[in-house]
Structures are given as structure tokens and as C-alpha cells.
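For reference, the structure discussed in these notes is given below.
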Ligand SMILES: NC(=O)c1ccc[n+]([C@@H]2O[C@H](COP(=O)([O-])OP(=O)(O)OC[C@H]3O[C@@H](n4cnc5c(N)ncnc54)[C@H](O)[C@@H]3O)[C@@H](O)[C@H]2O)c1
Ligand SMILES: N[C@@H](CCC=O)C(=O)O
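Following this line, the structure appears as C-alpha cells:
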């Protein structure tokens, strides 16, 4: 099978007159579909339930983007049974055959890019560039994992042994439960589902209620591929009712979770409580939160550092696991850099996502409350120099907020806020900056701004995070270019977008034939 070399999907400037007209048309078309009901999808059949959950537009919470059917435990039983049946045959298809589904899905997403972006703009509050990035990443995952699967099929080269044929091949695990978050509503969902499918597993997808219409659109795309019945089952529902039931189910072989530390740890516990009926140790991939940040020394290009720190802190309203919510600055340049950061952040526009502001709404009322509570906590922990205001009268808007002179041990420097709040602290040496950076329970992303080679090399060795960036922001990893995942309470470091990622969903089998 000849496949052209992998390339990341190109970024599009949607603000040109032609592109902007195309996107606005897509937004209008998507809005005309508001209020529809989306079914579950089990064993190749759409299933509409009486109980549905609305998904709202965070820029204008009076608008219902769509209603989504809600699975009960009975639906989960049916989905697991269907996935188990489908596994019998799907697991026997070739890596190449399964990769073809992914290539086709990538093309469909490419053809429908403006529409898929429009759903995210309206359901998730992404501005145009963030929505473009998300759809591109979904396409990248499809293209990249399809190629990785074809590579994996070759197995591992073994040491030749006289008189024997030895082979190690990768076989799938079984039925998996995939639980993505809402903040990369198409990208992470696509990456986590298709990595499991292309390796020969079958899947129950339980999306976040906050982006479940986007998830339903993904499932529609997968239906266009005519996957065999039971290979992908869509089971949105209330975690309190179906969450533990799914992750603790004895017929489930693995869980691929991306989300908060609290939920990830809970799922890990439930999944590893073995029931008598269970024949395996469940595998749990859990990619969780972060308290990421930048360390800046006295040699850094301060204008550039300020621009990158602002982008990392406030891009998508700070709602990225990689968001740079801490800036740790050398005392020699502290005042100058703080002034530059505040000046830049004060220029950011805030408004409804479809108007393409720099900063859109936060996702929902719960997030709004949590972030505004942290802003109140911050007022007691540092000096508020920007923002601090919020308005949820029509949508959930929080102004970019900056606290300076914060103690590194303060709650706003230790806990994930997941909103547009930046805490800044002063250090008296680069090494102290690295120590402060490392002093959280997380270990996801970090950035260093310095012109000194020895400082960068020191950081390379000592900064404890899964994704470390020198002289650039700590957000925006690209599939295949910067494989992504964190240490410690940031999760299992599964490294999404790496060639190794598919190994999370297979088990190697060695076969020896004696001649
Ligand atoms: N490390 C990464 O790659 C990465 C990427 C994106 C987001 N995140 C993290 O995700 C979080 C934001 O996403 P979120 O608010 O959707 O997270 P969340 O933990 O609240 O929810 C994640 C998913 O888990 C589901 N869920 C909740 N309780 C469950 C249970 N008991 N059983 C089964 N499923 C359950 C939710 O419905 C959702 O689909 C942040 O902490 C962010 O840092 C991490
Ligand atoms: N991979 C993304 C973060 C995903 C989490 O929210 C980034 O690198 O910014």
C-alpha cells in the first residue's frame, strides 16, 4: 500500500473576505439547524430516547444548539454486547483496511471544514482560528494514526534465531470506552476514538454533554463510512447514571479518558476494581489537567515573551489543559515584562465567538462560577492588575484577568482554573524559576524564554513536564510534530499524536515456529 507522506493540515486565514463569507454562511446554515434532536447510535441503529439533554450556545445561553438523547444502563448493556459481537470480526480485519476508513473520514472533514468549525463556534465558543485549529487537528489525527497503523502492522524486527521463525505482532484489546472532554470537541474526540478503532478495537463513545452536538456530527461522519454495526457506538448520558457502570463493566477491556484530574482518578479507581466476571486487568489511559506556565530570564526577548505568554494564557479563554496560567519572571526584568504583558492583554477583545473576538465565552454556568470564585480567591492572594470582571447576562464572559506578585504556593498558582486567569510571580534566579515551575502536582506543558544556551539545557534536564517549549508559547502542539501528554497528575503521558500512541490500544503477541 503506497501512502503519500504525512503533512499537517494547513492553517487557513478565515478573515479574508472570501473565507469570512464562506464561514458566515456556514454559521447561518448551522444556526438554521438549531434545536434538532440527535439520537444514540447502537449496533448500527439510531436510537432516540425520551430523555434528552440540551446543549447551549455559551455566547448566548438562551440559544439551544441541539438536544441529545441520553443513554441508560440498558443502552450501555446493549452497546457493550454489540461491540463485543463486532469485535469478533473487526479485530480480524487488517490494519490497512481499517486505515482506509480513517483516510476517508479525513477527506469528509476537509470537505466540511467550514461547517464543522461553525458547530464549534456556536456550541463551544471557539473563535475562528481556534475552531480552524481544532478541525485541522482532527484531520491530522485521522491521517497520522492511519499511517501509524500501517507501520504497526509490520511488527517489530526480532533477532534471527537458527531453525526458527519468530514474529511479534500487535493484536487489539477488545471493547473500549472512550470518554473525551468538551474543550477540543472534534480533535480529541476524533483522535481518541479512531486510534482505538484503527488498532482493531470496538468502541463505546461517551461524549461530554457540553459538546455533544459536535460529537453527534462526528458520529454522522463515521456513519457515512459504513463501519460495520457495533464497531462504534454512541452513548451520551449522565455520568452519575452510566459513568461507573461503563468503566466498571467486566466486558470492557480498556478506557481512554481525557478530562479533569478528579474524574480521571475516579475512573482509574473504578476501572481497576476487578469484578469476578472480569478476565483481564483493564488498561486505563487517562490524560488530565495542568498548571502550566512560562519561566522568563533576564536575557529573554521581552516583547516576544509577552506576546507568547498572553497567547498561552488567554487563547480559547484559558480553557486548554496546556494553558499557560502561570508566568515566573526573573526580578531583573519583572516590572518591564509585567507591563508589556498587561498592555498586550488589555488589547484583547471579548465577545460572542461568531464575531471572532480574541476571547470568547467560557463554556457554561458552572465554569463561569468556578472561574469567578478563583478571581475572588486571587484578590486575596495577589494584586489584580487587569480584568476581574465577568458578565453572564447573555453569555458567559470573563475578562482576561491578571494577578501579579503572587506567592508560588498560592491556590491560583497551584490549582487548575481552566479560565482566562494568569498569575505572575517574581524569582531571583533562573534555577529558582525552574523550581517554582516544578512545584505543582501537575506536569503537562511549560515554556522557557531565554537567550542563554546553558539555561535552555538546564531546563531541558530539570523542567518536569511532558511538553516543554523553548522561546515559544506552551500551547498549540501539532500532531506528529509535538506528541502530547503530561506527567504526574497530568496523566498517563500516552503521547497523543506520536507513533507510539497506538501501542496503548494493542497487545503484542509473539509466535515462534520451529522448523
Ligand atoms: N491532558 C490532556 O490531553 C487534556 C486535554 C484536554 C482537556 N484536558 C483536561 O480536561 C478538563 C476539561 O474537560 P472536562 O471539563 O470535560 O473534564 P471532566 O473531567 O469534567 O469530563 C471529562 C469527561 O468525563 C466524563 N465524566 C465525568 N464523570 C464521569 C464518570 N464518573 N465516569 C465516566 N465519565 C465521566 C464527562 O462527561 C466528560 O465526557 C481539564 O482539566 C483539562 O485540563 C486534558
Ligand atoms: N494539545 C493542546 C492542548 C489540549 C488540551 O486541552 C495544546 O497543545 O495546546
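In the UniProt record's numbering, the protein residues as written are 1 to 515. Yeah, the Cβ is synthetic: ideal placement off N, Cα and C, and Gly gets one too. Nothing here was measured: the structure is a model prediction, and the numbers come from that model.
- Cβ-heavy atom distance, residue 477 to ligand 2, below 7 Å: Result yes, Cβ under 7 Å from ligand 2.
- Query: What are the residues that DSSP puts in a beta bridge with residue 164?
  - Reply: Residue 164 is bridged by DSSP to 514.
- Message: Can you tell me whether residue 15 is buried or exposed? The criterion is at least 16 other CB atoms within 10 Å of its CB, across all chains shown.
- Response: Exposed is the call here.
- Task: For residue 423, name the three-state secondary structure that DSSP assigns.
- Result: Three-state DSSP puts residue 423 in a strand.
- In the DSSP assignment, find the unbroken alpha helix (DSSP H) run with residue 520 in it and report its ends. One cannot answer for residue 520 here, as it falls past the ends of the chain, which runs 1 to 515.
- Item | Alpha carbon of residue 154 to alpha carbon of residue 253, nearest angstrom | So the two alpha carbons sit approximately 24 Å from each other.
- Query: Which residue's Cα is closest to the Cα of residue 501: 468, 144, 56, 442?
  - Reply: Residue 501 has its Cα closest to that of 144, out of 468, 144, 56, 442.
- Could you work out which residue in 395, 115, 174, 11 is closest to residue 125 when comparing CA atoms only? Cα-wise, what sits closest to residue 125 is 395.
- Item | Integer Cβ distance of residue 306 from residue 261, believed to fall under 8 Å | Taking the Cβ atoms as the reference, residue 306 lies roughly 30 Å from residue 261, outside the contact range of under 8 Å.
- Query: Terminal residues of the continuous alpha helix (DSSP H) containing residue 342?
  - Reply: First-last of the alpha helix (DSSP H) with residue 342: 334 to 346.
- Message: ligand 2 and residue 322: does any heavy atom of the ligand fall closer than 7 Å to the residue's C-beta?
- Response: For ligand 2, at least one heavy atom lies less than 7 Å from the Cβ of residue 322.
- Start and end residues, beta strand (DSSP E) containing residue 60: Element bounds for residue 60: 60 to 69.
- Say yes only if the C-beta of residue 8 is nearer than 7 Å to one or more non-hydrogen atoms of ligand 4, and no if none qualify. Absence of ligand 4 from the depicted structure is noted, with ligand 1 and ligand 2 being the only ligands included.
- Message: Less than 8 Å between the C-beta atoms of residue 408 and residue 439, yes or no?
- Response: Closer than 8 Å, so yes.
- Item | Cβ shell of residue 288 (< 6 Å), same chain only, five flanking positions each side left out | Here the set comprises 261, 264, 490, 491.
- Query: Taking three-plus beta-carbon pairs below 8 Å as touching, is the region 111 to 129 in contact with the region 11 to 28?
  - Reply: Three or more beta-carbon pairs drawn from the region 111 to 129 and the region 11 to 28 are found closer than 8 Å, and the two stretches are therefore classed as touching.
- Task: Measuring alpha carbon to alpha carbon, tell me which of 34, 244, 397, 152 ends up nearest residue 369.
- Result: The candidate whose alpha carbon is nearest that of residue 369 is 397.
- Could you name each continuous beta strand (DSSP E) segment of 3 residues or more that falls completely within the region 199 to 284, going from the start of the chain to the end? Runs of the beta strand (DSSP E) inside the region 199 to 284: 202 to 205, 232 to 234, 254 to 258.
- Message: Quick check: does the Cβ of residue 504 come within less than 7 Å of any heavy atom belonging to ligand 2?
- Response: Taking the Cβ of residue 504 as the reference point, every heavy atom of ligand 2 lies at 7 Å or farther away.
- Message: Tell me the residue span of the beta strand (DSSP E) that contains residue 57.
- Response: Residue 57: member of the beta strand (DSSP E) spanning 52 to 57, first to last residue.
- Query: When we look at the beta-carbon of residue 513 and count the other beta-carbons within 10 Å, is it buried (16 or more) or exposed?
  - Reply: When all chains shown are included, residue 513 counts as exposed.
- Identified DSSP bridge partners for residue 481: DSSP lists no beta-bridge partner residue for residue 481.
- Taking residue 32 as the reference, which of 122, 99, 105, 430 has the closest Cα? Comparing Cα positions, the closest option is 122.
- Closest Cα partner of residue 151 within the set 353, 5, 67, 20: Residue 151 has its Cα closest to that of 5, out of 353, 5, 67, 20.
- Item | Under 8 Å between C-beta atoms of residue 181 and residue 259 | The Cβ atoms of residue 181 and residue 259 sit closer than 8 Å to each other.
- Task: Report the rounded CA-to-CA distance for residue 291 versus residue 423, giving the unit in angstroms.
- Result: Their Cα atoms are separated by approximately 11 Å.
- Look at the alpha carbon of residue 525 and the alpha carbon of residue 460, and state the distance between them as a whole number of angstroms. Lying before the first or after the last residue shown, residue 525 is absent from the chain, which here runs from 1 to 515.
- C-alpha distance - residue 88 paired with residue 507, whole-angstrom precision: C-alpha separation (whole angstroms): 16 Å.
- Under 8 Å between C-beta atoms of residue 66 and residue 59: Against a cut-off of 8 Å, the Cβ pair of residue 59 and residue 66 comes out as no contact.
- Item | contact_flag[the region 97 to 105, the region 326 to 343] where n(CB pairs < 8 Å) is 3 or more | When C-beta atoms of the region 97 to 105 are compared with those of the region 326 to 343, fewer than three pairs fall below 8 Å, so the two segments do not count as touching.
- Message: Is the separation between the beta-carbon of residue 82 and that of residue 315 shorter than 8 Å?
- Response: No; because the gap between Cβ atoms is not below 8 Å, this pair is not in contact.
- Query: Hey, would you say the C-beta of residue 184 is under 7 Å away from at least one heavy atom of ligand 1?
  - Reply: The answer is yes for residue 184.
- Query: Does DSSP put residue 310 in a helix, in a strand, or in coil?
  - Reply: Residue 310 falls in the helix class under three-state DSSP.
- Message: Mapping the DSSP letters down to three states, classify residue 327 as helix, strand or coil.
- Response: Looking at residue 327 - three-state DSSP - the assignment turns out to be strand.
- Message: In whole angstroms, give me the CA-to-CA distance for residue 402 and residue 3.
- Response: Here the alpha carbon of residue 402 sits roughly 48 Å from the alpha carbon of residue 3.
- Item | Alpha-carbon spacing of residue 131 relative to residue 146, whole angstroms | Across the structure, residue 131 and residue 146 are spaced so that their CA atoms are roughly 23 Å apart.
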